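Structure, as structure tokens:
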Amino acid sequence: MPYAIFATGGAQFRAEPGVTIKIPLLEAEPGSKVTFDHVLLASDGKHVHAGKPVVKGAKVTAEVVRHGKGEKIK
């Protein structure tokens with residue numbers, strides 16, 4: 009299965025086609041498309057490409073589904 013590891017907002021995330029992930033403090037409206045170009049690692053399902061420090065030409069494109077709050081810390 010293809011996947012990518014990318015960095016944004018001081019954290020790293022794993023992205024896979026069709027999988028929803030939570031990214032804190034993302035400034036984009038729901039329904040809009042966002043592109044992350046700081047891809048640290050990319051896999052096409054057969055080969056893994058590691059960046060030095062980033063994978064040249066690789067991008068992760070996603071759609072913002074919604075904004076929400078996490079659980080309250082007690």
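Positions 9 to 82 (my numbering) are the ones given, in order, by the sequence shown.
Glycine is no exception: its CB is placed at the ideal position from the N, C-alpha and C atoms.
Bear in mind the structure is a predicted one, so any value in this text is a computation, not a measurement.
Between which residues of its own chain and residue 57 is the CB-CB distance below 8 Å, once the five residues before and five after are set aside? If we look at residue 57 and ignore the five residues flanking it on each side, its Cβ neighbours are 49, 50, 51, 63 and 66.
Among residues of its own chain, excluding the 5 on either side of residue 42, which ones have a beta-carbon nearer than 8 Å to its beta-carbon? A distance below 8 Å between beta-carbons, with the five flanking residues on each side excluded, links residue 42 to the following residues of its chain, in chain order: 34, 36, 69, 70, 71 and 72.
Beta bridge counterpart(s) of residue 13 as assigned by DSSP: BP columns for residue 13 point to 22 and 49.
Would you give the residue range spanned by the beta strand (DSSP E) that residue 58 belongs to? That run of the beta strand (DSSP E) goes 56-58.
According to DSSP, is residue 37 helix, strand or coil? In the three-state reduction of the DSSP assignment, residue 37 falls in the coil class, being assigned neither a helical nor a strand state.
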